[in-house]
Amino acid sequence: GMAGRGEVSRAEEVLRSAYAAAERSCGAASPAALGYDDELAVVLANAGRLAEAEPLFRRALNSRRKALGPWHEDTLRSEHNLAVLLDNSGQREEAERAYREVHRGRCEVLGETHPKTVEATYNLAMFLAGPRQGCEAEAVELLGEAQRGLQAHFGYNDARTTACAKRLSELRLGRRDA
254 GMAGRGEVSR AEEVLRSAYA AAERSCGAAS PAALGYDDEL AVVLANAGRL AEAEPLFRRA
314 LNSRRKALGP WHEDTLRSEH NLAVLLDNSG QREEAERAYR EVHRGRCEVL GETHPKTVEA
374 TYNLAMFLAG PRQGCEAEAV ELLGEAQRGL QAHFGYNDAR TTACAKRLSE LRLGRRDA
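Quick note: the sequence shown uses the working numbering, first residue 254, plus one each step.
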């Protein structure tokens with residue numbers, strides 16, 4: 254409704270001026286400026302303004318890659334944000350690459366059992382388990398891995414844990430019928 258739109262434009266205004274100030278005082282590649290860039294992109298994406306959010310996500314990601322390296326947590330968070338946006342806007346090939354990169358980076362840097370890695374495993378698994386992905390065997394393997402990790406870190410009642418279990422049983426049933 255109107256209230257929601259008003260809040261978005263207020264948030265947008267605040268973030269745009271904060272970004273401009275950070276850019277002036279610290280430079281466009283400063284962590285402060287990049288943080289505002291990313292936050293603004295999230296605000297726009299959540300408001301359904303994907304086409305406007307995409308270049309901001311890309312700018313934040315590219316700047317973070319340069320400034321912090323490809324597997325820094327801030328870089329990987331930017332990459333995750335872009336993956337979700339690409340997925341939601343139907344750019345599935347590039348979304349898959351981004352989900353895989355986040356997963357690979359977190360496995361390398363944090364180890365396979367770290368909560369953030371488990372979340373990346375879940376995100377990649379759910380993406381691969383989606384319609385028309387043609388990656389069922391890999392999806393089943395990753396869903397199992399994600400489910401075990403989510404249970405260990407977040408419990409059996411976590412929404413993602415139950416989503417994993419549900420998707421796994423759907424894939425297994427589907428495969429039996431096939």
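Built from N, CA and C at the ideal position, the CB exists for glycine as well.
Tell me the DSSP secondary structure of residue i in three-state form.
i, result
"Ala298", "helix"
"Gln344", "coil"
"Pro323", "coil"
"Tyr409", "coil"
"Cys360", "helix"
"Tyr352", "helix"
"Lys419", "helix"
"Leu403", "helix"
"Gly387", "coil"
"His365", "Here residue 365 is Glu; the residue named in the question, His, does not match the sequence. Coil."
Suppose the cutoff is 8 Å on Cβ atoms and the five residues either side in sequence are ignored; what does the same chain contact list for residue i look like?
i, result
"Arg263", "none"
"Ala418", "Gln400"
"Asp221", "Residue 221 is absent from the model: the chain starts at 254 and stops at 431."
"His367", "Arg359"
"Thr414", "Gln400, Leu403, Gln404, Phe407 and Gly408"
"Glu305", "Leu297"
With a threshold of 7 Å on Cβ separation, who are the neighbours of residue i within its own chain once the five nearest residues in sequence on each side are excluded?
i, result
"Glu332", "Leu314, Ala351, Glu354 and Val355"
"Glu361", "Trp324"
"Arg318", "Thr328"
"Glu391", "Leu381"
"Gly322", "Thr328"
"Leu396", "Ala378, Ala382, Cys417, Arg420 and Leu421"
Going by DSSP, what residue range makes up the alpha helix (DSSP H) through residue i?
i, result
"Pro368", "Pro368 to Leu381"
Looking only at C-alpha atoms, which of the options sits nearest to residue i?
i, options, result
"Leu424", "Arg413, Leu381 and Leu297", "Leu381"
"Leu309", "Ala320, Leu297, Arg318 and Gly301", "Leu297"
"Asn299", "Arg312, Ala390 and Ser342", "Ser342"
"Arg345", "Leu377, Ala320, Gly364 and His367", "Leu377"
"Ala405", "Leu339, Arg359, Glu365 and Leu303", "Glu365"
"Val337", "Val393, Ala416 and Tyr375", "Tyr375"
"Leu339", "Glu326, Arg302 and Ala320", "Arg302"
"Ser316", "Glu347, Glu349 and Glu276", "Glu276"
"Gly427", "Ala412, Val393, Glu347 and Ser278", "Val393"
"Leu363", "Asp411, Ala274, Glu326 and Glu307", "Glu326"
"Cys388", "Asp411, Ala412 and Glu349", "Glu349"
Kindly say whether residue i, judged by its beta-carbon, lies nearer than 8 Å to any beta-carbon of chain B.
i, result
"Glu372", "The structure shown has no chain B; it contains just one protein chain."
Excluding the 5 residues preceding and the 5 following residue i in the sequence, name in chain order all residues of the same chain whose CB lies nearer than 6 Å to its CB.
i, result
"Ala431", "Low confidence applies here, because Ala431 scores a pLDDT of 42, under 50, leaving its location unreliable and the question unanswered by this model."
"Glu347", "Leu339"
The segment 368-380 contacting the segment 394-409, beta-carbon criterion three pairs below 8 Å: yes
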